[in-house]
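In the numbering used here, the protein residues as written are 316 to 422.
We put the beta carbon where it would ideally sit given N, CA and C, even for glycine.
Step one of this worksheet: look at the structure below.
Right, dumping it as structure tokens:
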């Protein structure tokens with residue numbers, strides 16, 4: 316996508332967001348408004364899988380497969396090729412280590 320494409324997309328995204336939220340406040344309005352804006356502009360997208368860490372219960376679509384064969388104790392020091400490591404942290408979950416955590420809503 317070009318800068319011009321992204322400008323058009325974000326313009327419609329912010330226009331649709333309050334409408335989606337008003338209709339479905341329990342929905343993930345920001346994601347659905349993005350999809351509506353992209354569809355409105357007939358902007359094609361390509362589905363990509365396996366590049367982000369998100370749902371620990373969904374190993375097939377998340378990038379946790381790079382830890383197959385690695386024990387929990389080895390996870391932070393595993394020798395895994397950078398090409399196989401995820402590069403996106405999906406900021407929708409609560410992530411914690413000990414008493415420290417961050418989430419979409421609170422640090």
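Among the options, nearest to residue i - alpha-carbon criterion
i: residue 336; options: 416, 351, 418 and 358; result: 351
i: residue 409; options: 402, 417 and 403; result: 417
i: residue 316; options: 419, 401 and 360; result: 360
For residue j and residue i, believed in contact at Cβ under 8 Å, the rounded distance
i: residue 355; j: residue 327; result: 6 Å
i: residue 332; j: residue 345; result: 6 Å
i: residue 324; j: residue 358; result: 6 Å
i: residue 381; j: residue 395; result: 5 Å
The alpha helix (DSSP H) enclosing residue i, as first and last residue numbers
i: residue 416; result: Counting along the chain, residue 416 falls outside any alpha helix (DSSP H), though it belongs to the beta strand (DSSP E) covering 415-417.
i: residue 411; result: That residue, residue 411, is in no alpha helix (DSSP H); its beta strand (DSSP E) goes 410-412.
*Output the residue ranges of the beta strand (DSSP E) runs that lie fully inside the segment 327-402 and measure 3 residues or longer, sorted by chain position.*
none
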